[in-house]
Amino acid sequence: MKTVIHIKHTSILASTVTDGGMIKSSDLRSLSLEDFETKAKEIIEKEGWDYYDYAAGRKWTYNDSFKAFGRYIIRPRIMRDVGERDLATTVLGHPISIPVCAAPTALHVYSHPDGEKETAKGVKEAGSLMILSSEASTTIADVAGAAPGALRWMQTYIFKNRKHTEHIVRQAERAGFKAIVLTVDSPVTVNWDDLDDSFLAEGHGKTDPKYRCINLDIDLPEVHAAKASGDTNLTGYLPEQHNSPITWDDFKWLKSITSLPVVCKGILTAEGAREAADAGAAGIIVSAHGGRQLDGAPAPIDALSEVVDAVRGSDVEVYLDGGVRSGNDVFKALGRGARAVFIGRPILWGLACGGADGVKRILTMLGNELSDVVALSGCCSTRDIPPDMIVHKSYYASKERVGKASKICPNCSCKL
Ligand SMILES: Cc1cc2nc3c(=O)[nH]c(=O)nc-3n(C[C@H](O)[C@H](O)[C@H](O)COP(=O)(O)O)c2cc1C
Numbered sequence: 106m107k108t109v110i111h112i113k114h115t116s117i118l119a120s121t122v123t124d125g126g127m128i129k130s131s132d133l134r135s136l137s138l139e140d141f142e143t144k145a146k147e148i149i150e151k152e153g154w155d156y157y158d159y160a161a162g163r164k165w166t167y168n169d170s171f172k173a174f175g176r177y178i179i180r181p182r183i184m185r186d187v188g189e190r191d192l193a194t195t196v197l198g199h200p201i202s203i204p205v206c207a208a209p210t211a212l213h214v215y216s217h218p219d220g221e222k223e224t225a226k227g228v229k230e231a232g233s234l235m236i237l238s239s240e241a242s243t244t245i246a247d248v249a250g251a252a253p254g255a256l257r258w259m260q261t262y263i264f265k266n267r268k269h270t271e272h273i274v275r276q277a278e279r280a281g282f283k284a285i286v287l288t289v290d291s292p293v294t295v296n297w298d299d300l301d302d303s304f305l306a307e308g309h310g311k312t313d314p315k316y317r318c319i320n321l322d323i324d325l326p327e328v329h330a331a332k333a334s335g336d337t338n339l340t341g342y343l344p345e346q347h348n349s350p351i352t353w354d355d356f357k358w359l360k361s362i363t364s365l366p367v368v369c370k371g372i373l374t375a376e377g378a379r380e381a382a383d384a385g386a387a388g389i390i391v392s393a394h395g396g397r398q399l400d401g402a403p404a405p406i407d408a409l410s411e412v413v414d415a416v417r418g419s420d421v422e423v424y425l426d427g428g429v430r431s432g433n434d435v436f437k438a439l440g441r442g443a444r445a446v447f448i449g450r451p452i453l454w455g456l457a458c459g460g461a462d463g464v465k466r467i468l469t470m471l472g473n474e475l476s477d478v479v480a481l482s483g484c485c486s487t488r489d490i491p492p493d494m495i496v497h498k499s500y501y502a503s504k505e506r507v508g509k510a511s512k513i514c515p516n517c518s519c520k521l
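Those letters in the sequence shown? Residues 106 to 521, by our numbering.
#1: Buried or exposed: which applies to G483, given that a residue is buried once 16 or more other Cβ atoms fall within 10 Å of its Cβ?
#2: Counting only the same chain and skipping the five closest in sequence on each side, list residues whose C-beta sits under 7 Å from that of T115.
#3: Can you grab the Cα-Cα spacing for the pair M127 / A384, in whole Å?
#4: At a threshold of 7 Å, does E157 count as lining ligand 1 (C-beta to nearest heavy atom)?
#5: Mind checking K148: buried by the 16 CB within 10 Å criterion, or exposed?
#6: For a test of the three-state rule: what should DSSP assign to I372, helix, strand or coil?
#7: One question on the structure: do V391 and V412 come within less than 8 Å of each other, judged by their Cβ atoms?
#8: On the DSSP bridge assignment, give the partners of G388 in chain order.
#9: Just reading off the alpha helix (DSSP H) that P344 is part of, what are its end residues?
#10: Taking the alpha carbon of A246 as the point to measure from, which residue in R257, Q276, A231, F264 has its own alpha carbon closest?
#11: I want to check one thing, is the minimum distance from the CB of E142 to the heavy atoms of ligand 1 below 7 Å?
#12: Count the other CB atoms, across all protein chains shown, that sit within 10 Å of the CB of Y262; report buried if there are 16 or more and exposed otherwise.
#13: In whole angstroms, what is the alpha-carbon distance linking G427 and P204?
#14: Determine the extent of the alpha helix (DSSP H) in which Y167 is found, giving its start and end residues.
#15: If we call anything under 8 Å between Cβ atoms a contact, is T270 one with N320?
#16: Distance, Cα to Cα, V289 vs R180?
#17: From K113 to G220, what distance separates their C-alpha atoms?
#18: Contact between the segment 372 to 381 and the segment 132 to 145 is defined here as three or more beta-carbon pairs at a separation below 8 Å; is this criterion met?
#19: Closest to R430 by C-alpha separation, out of V187, G440, V421, V446, would be which residue?
#20: Can you tell me which of the three DSSP states T294 falls into?
#21: For a test of the three-state rule: what should DSSP assign to Y157, helix, strand or coil?
#22: What residue from A249, L425, R444 has the CA that sits closest to P200's CA?
#23: Beta-carbon within less than 7 Å of L256's beta-carbon, same chain only, minus the 5 sequence neighbours each way: which residues are those?
#24: Does the structure place the segment 465 to 476 close enough to the segment 164 to 173 that three or more beta carbon pairs sit under 8 Å?
#25: Judging by CA-CA distance, which residue of E240, I273, N338, A225 is the nearest neighbour of A252?
#26: On the DSSP bridge assignment, give the partners of T288 in chain order.
#27: What residue range is occupied by the uninterrupted beta strand (DSSP E) comprising T261?
#28: Establish whether the CB of P491 and some CB of chain C are separated by less than 8 Å.
The structure is reproduced here in structure tokens:
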């Protein structure tokens, strides 16, 4: 054990770290999200940090994903009975305690030796939902075994070799996952040349089987052939599986092989949303892949409204990920029509700093902040945020302001 100093806002706090570099559970509460990021960068080896922190191109989309939240303003109501706030909601009919969930991110083993198993425990303890990445470093069955009975969805791509997708779907069904999440924003492998070199060069990802995408390293003739030809860790074979420019016919194929609901992840336009709804998607995650795919795509919070409007009146649920870093961000996304939000990198920071406890702390910290913003805005539930409460800042330059109380809150009967 040794003592380290963290800067938290303006105060300096001392916390105790374990031999593995993680922070003692009792000290996690004193860390801000920025502290988690700083500490995670110290704990995670450079190769993994570079991979996690990567963003595409000139990082326009990545940077704007955070900044864009500042373009939305909360028009608070006052003198409401906000003594009891309810953050719970449902996703595809399944209850969650807070509307902040874990996005699918690959290779959690860089953050923690037990990888996604720890993440699963932390998310379960927070009463939230985890989407497991098809590129996880832990088998689907092991993740399920680590946190039995928890709510989980399974992310997949439609890989060039469809047998990989089928394998992932079958394993997820067997392990009790409740939905399949198809990532639709990645028809080709991105050019990773701009990724800092340690991940791509001689890092563990290339040489140590511990860092492989275990759910894709399966008993298939094509996999055996790749290994026999010297590609032991599949670092040539697997990226090639991503060169799979899918269409809605492939989406229909995916739906035809499973009875689980299918959610589309990576939609940023009304056109895409309508196509997804017509094709039978149960949900849409408005996402720019954390700024890791198309640079120049809109910040998800900017794209949210048009997606929500496009599927209004249907059963399609809309969620958001990208740049969410505070309860304030969460509130704005919910107020603009998202049913829940997902976070990617912060979960990896929490995992590195405190394992399952760190993941839980990240989620509950955002939940606590959200609860405060809900109260300060004069709401009592995240499900009943008045539609005109979160406005684009251009509203304050316009003469036609909303300003009319029009609804009655179903919880406390106050005017919204
Ligand atoms: C290290 C890392 C790995 C990711 N892996 C996947 C993946 O396997 N599948 C996927 O659909 N999205 C993946 N994503 C994107 C996330 O699901 C999510 O869209 C993004 O991280 C949200 O942005 P945030 O990190 O700002 O919260 C990954 C993101 C990161 C940072």
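Where a beta carbon is used, it is the ideal one built from N, C-alpha and C, also for glycine. The structure displayed is predicted, hence computed values, not measured ones.
This is what the structure gives:
#1: Residue mapping note: residue 483 aligns to position 378 of the sequence shown, counting from 1. G483 comes out buried.
#2: If you number the sequence shown from 1, residue 115 lands on position 10. Here the model assigns T115 a pLDDT of 30, short of 50, so the residue's position is not dependable, and the following value carries that caveat. Hits under 7 Å: none found.
#3: Numbered from 1 along the sequence shown, position 22 holds the residue referred to as residue 127. Numbered from 1 along the sequence shown, position 279 holds the residue referred to as residue 384. Near 45 Å, if we compare the C-alpha coordinates of A384 and M127.
#4: Mapped onto the sequence shown, residue 157 falls at position 52. In the sequence under discussion, the amino acid at residue 157 is Tyr, which differs from the Glu named in the question. Yes, the beta carbon of Y157 sits closer than 7 Å to at least one heavy atom of ligand 1.
#5: For the purposes of this step, residue 148 is identified with residue 43 of the sequence shown, where counting begins at 1. Looking at the sequence itself, residue 148 is Ile, so the reference to Lys does not match. Buried, because 16 or more other Cβ atoms sit within 10 Å of the Cβ of I148.
#6: Along the sequence shown, read from residue 1 onward, the residue named residue 372 stands at position 267. In this structure, I372 counts as strand in the three-state DSSP scheme.
#7: Along the sequence shown, one-based indexing puts residue 391 at 286. Along the sequence shown, one-based indexing puts residue 412 at 307. Contact flag set, yes.
#8: Translated into the one-based positions of the sequence shown, residue 388 becomes position 283. V368, E422, per the DSSP bridge assignment.
#9: Looking up residue 344 in the sequence shown gives position 239. Residues 342 to 346.
#10: The count along the sequence shown starts at 1 and reaches residue 246 at position 141. The option with the nearest alpha carbon to A246 is Q276.
#11: To locate residue 142, count along the sequence shown from 1; it is residue 37. No - ligand 1 has no heavy atom lying nearer than 7 Å to the Cβ of E142.
#12: Counted from its first residue, the sequence shown places residue 262 at position 157. Buried, since its Cβ has 16 or more Cβ neighbours within 10 Å.
#13: As a working note, residue 427 is residue 322 in the sequence shown. As a working note, residue 204 is residue 99 in the sequence shown. So the alpha carbons of these two residues sit roughly 15 Å apart.
#14: Position 62 of the sequence shown, counted from the first residue, corresponds to residue 167. Unbroken alpha helix (DSSP H) run through Y167: 165 to 172.
#15: Counting from 1 along the sequence shown, the entry for residue 270 is found at position 165. Counting from 1 along the sequence shown, the entry for residue 320 is found at position 215. It is not a contact, given that the beta carbons lie outside the stated cut-off.
#16: For the purposes of this step, residue 289 is identified with residue 184 of the sequence shown, where counting begins at 1. For the purposes of this step, residue 180 is identified with residue 75 of the sequence shown, where counting begins at 1. Cα to Cα, the separation comes out at about 35 Å.
#17: For this step, residue 113 is matched to residue 8 along the sequence shown. For this step, residue 220 is matched to residue 115 along the sequence shown. Below a pLDDT of 50, predicted positions are generally treated as unreliable, and K113, at 33, falls in that range; the measurement from the model is reported next regardless. C-alpha separation (whole angstroms): 27 Å.
#18: no
#19: Walking along the sequence shown from the start, residue 430 turns up at place 325. Ranking the options by Cα distance to R430, first place goes to V446.
#20: Residue mapping note: residue 294 aligns to position 189 of the sequence shown, counting from 1. The answer is coil: DSSP assigns T294 none of H, G, I, E or B.
#21: As a first step, residue 157 is located in the sequence shown; it is residue number 52 there, counting from the start. Looking at Y157 - three-state DSSP - the assignment turns out to be helix.
#22: Counting from one through the sequence shown, the residue named residue 200 turns up at place 95. Ranking A249, L425, R444 by Cα distance to P200 puts R444 first.
#23: Position 151 of the sequence shown holds residue 256. Cβ within range, chain order: H199, I201, L234, K283.
#24: no
#25: In the sequence shown, residue 252 corresponds to position 147, counting from 1. Answer by Cα proximity: A225.
#26: Sequence index remark: in the sequence shown, residue 288 carries index 183 (1-based). T288 pairs with K370.
#27: Walking along the sequence shown from the start, residue 261 turns up at place 156. Its beta strand (DSSP E) spans residues 257 to 261.
#28: Chain labels in this structure do not include chain C; a single protein chain is all it has.
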